[in-house]
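J.:
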Amino acid sequence: MKATCEPWGESDGVAVERYVLERDGIRATFTNFGAALIALEVPDRNGARADVVLGFDSLAEYASPRNPYFGSIVGRCANRIAGARFELDERAHVLAANEGRHHLHGGVRGFDRRAWSAELDAHAARVVFARTSPAGEEGYPGALRVLATYALSPGGVLELEISAACDAPTLWNPTQHSYFNLAGLGGDVGEHRLEVRASRVLAVDAELIPTGELIAIDGARVDLRGATGAGLDHCFALDAAAARGRDASATPRLACRLTEPRSGRVLEIEATQPGLQVYTGNGLGELVGKRGVRYPRHGGICLETQGFPDAVHHAHFPSVVLRPGERRRDVTRWRFSAT
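This is the structure:
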């Protein structure tokens, strides 16, 4: 087991560093800019390691407007909030509109564009990122204190626990926004196979805003070969979460299974959150990433564990409201193997 830290620059006068955790053949690299996972080397069926998450080589690229949230913690609210506004306790709040007239992934400068504080725990093979989001940031009410802990466990498991507390009622629906390609970097994900533990998907309008309807689907196998045309950007309502509700003490349950037949790599994701946004990198479009590799359209797949998008406007969706005295805890586990 190894854990190291090295300087990587600064942002707004805050030192930015890279943190490396290595255990049981898996090597994970993080940065406190955006609390992001920036590299993840995983063995194939023959033991050969490859980086399976998209990203950049430099801090400047992560801070640039062209960064599509590579590996970052997204917040306060992931996904879309219709009209970039909401009411909470009979008070209206206006958010930053950064996708047309809507609010996306926390706004113009959300959690992914901020330097967090960090603490490396070498003995536990974990790194803890923290930040306080002040009241009014991107339009959200209340100050919010957030901890994001990545830990590398025996047996090829990377775990993320995100917890938050506030001093006034607010919204809180984070996600982790890694783009996976289990074949390594450079190709598309059309030959990957995805199974989602869900029997319903959220209906959306032409602007990808939920209508409030949950549509029943047959089976949970998603054909990514067909998805690499228009692509996917869908939120699945996870069956396990529907059965137990949103419980701060809940144990993560299997959300999906992604396999890549050539390498034999398998990724199983377990989560406590009620939704899984499946996004097939529809907007990548020949973006240049690590080591000069061009990421084509559909060059990675995001499997974003989260609450339902625009939940504040749909009373029957699981609530994303956080109140003083509450502490919201969300856990995601990425379990790797090879066949």
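Read left to right, the sequence shown gives residues 112 to 450 (this note's numbering). The beta carbon of each residue, even a glycine, is placed where N, CA and C say it ideally should be.
Looking only at its own chain, which residues have a Cβ that is under 8 Å from the Cβ of Thr142, when we skip the five neighbours before and after it?
T.: Cβ neighbours of Thr142 beyond the five flanking positions: Trp119, Val127, Glu128, Arg129, Tyr130, Ile149, Leu170, Tyr173.
J.: Can you give me the C-alpha to C-alpha distance between Arg304 and Leu414, rounded to a whole angstrom?
T.: One C-alpha to the other measures close to 13 Å.
J.: Terminal residues of the continuous alpha helix (DSSP H) containing Ala193?
T.: Taken as a continuous stretch (DSSP letters only), Ala193 belongs to no alpha helix (DSSP H), as it is neither H nor E.
J.: Quick one: give me the first and last residue of the alpha helix (DSSP H) that Glu172 is part of.
T.: That run of the alpha helix (DSSP H) goes 170 to 174.
J.: For Gly221, I'd like the list of residues in its chain whose CB is within less than 8 Å of its CB, leaving aside the five on either flank, ordered along the chain.
T.: Same-chain partners within the cutoff: Val185, Gly186, Arg187, Glu249.
J.: So, using beta-carbon positions, are His216 and Ala189 closer together than 8 Å?
T.: The answer is yes: Cβ separation under 8 Å.
J.: Per DSSP, which one or two residues make a beta bridge with Gln417?
T.: DSSP, once it has assigned bridges, lists Gly386 as partnering Gln417.
J.: So, are the CB atoms of Leu387 and Val307 less than 8 Å apart?
T.: Going by C-beta atoms, Leu387 is nearer than 8 Å to Val307.
J.: Assuming contact is defined by CB atoms lying nearer than 8 Å, are Leu165 and Gly375 in contact in what I supplied?
T.: Against a cut-off of 8 Å, the Cβ pair of Gly375 and Leu165 comes out as no contact.
J.: Here's the rule: buried if 16 or more other CB atoms are within 10 angstroms of the residue's CB, otherwise exposed. What is His234?
T.: When all chains shown are included, His234 counts as exposed.
J.: The beta strand (DSSP E) with Ala426 in it runs from where to where?
T.: From DSSP, Ala426 is part of no beta strand (DSSP E); its letter is neither H nor E.
J.: Taking Cβ positions, are Ala236 and Arg134 nearer each other than 8 Å?
T.: Yes, the Cβ-Cβ distance between Ala236 and Arg134 is below 8 Å.
J.: Enumerate in chain order the residues of its own chain whose CB-to-CB distance from Thr115 is below 6 Å, with the five nearest sequence positions on each side excluded.
T.: Val131, listed in sequence order.
J.: Taking the alpha carbon of Asp329 as the point to measure from, which residue in Pro321, Ala317, Gly323, Phe347 has its own alpha carbon closest?
T.: For the residues Pro321, Ala317, Gly323, Phe347, the minimum Cα distance to Asp329 belongs to Phe347.
J.: When the Cβ atoms of the segment 273 to 285 are set against those of the segment 434 to 441, are three or more pairs found closer than 8 Å?
T.: Counting Cβ pairs under 8 Å, three or more are found: they touch.
J.: Taking Thr286 as the reference, which of Val125, Ser122, Arg444 has the closest Cα?
T.: Closest option to Thr286, Cα to Cα, is Arg444.
J.: If you draw a straight line from the C-alpha of Ala426 to the C-alpha of Leu231, how long is it?
T.: Answer to the nearest angstrom: the Cα atoms are 40 Å apart.
J.: Exposed or buried, which one is Thr416 when buried takes at least 16 other CB atoms within 10 Å?
T.: That one is buried.
J.: Helix, strand or coil: how does DSSP classify Arg160 here?
T.: Residue state, collapsed to three classes: strand.
J.: Is the distance from the Cβ of Pro280 to the Cβ of Pro245 below 8 Å?
T.: Contact flag unset, no.
J.: Return the chain-ordered ranges of every beta strand (DSSP E) run that is complete within the segment 219 to 248 and spans a minimum of 3 residues.
T.: Complete beta strand (DSSP E) runs here, min 3: 228 to 232, 237 to 244.
J.: With distances taken between CB atoms, is the gap from Ala161 to Glu152 smaller than 8 Å?
T.: The answer is yes: Cβ separation under 8 Å.
J.: Determine the extent of the beta strand (DSSP E) in which Cys188 is found, giving its start and end residues.
T.: Per DSSP, Cys188 belongs to no beta strand (DSSP E) and is neither H nor E.
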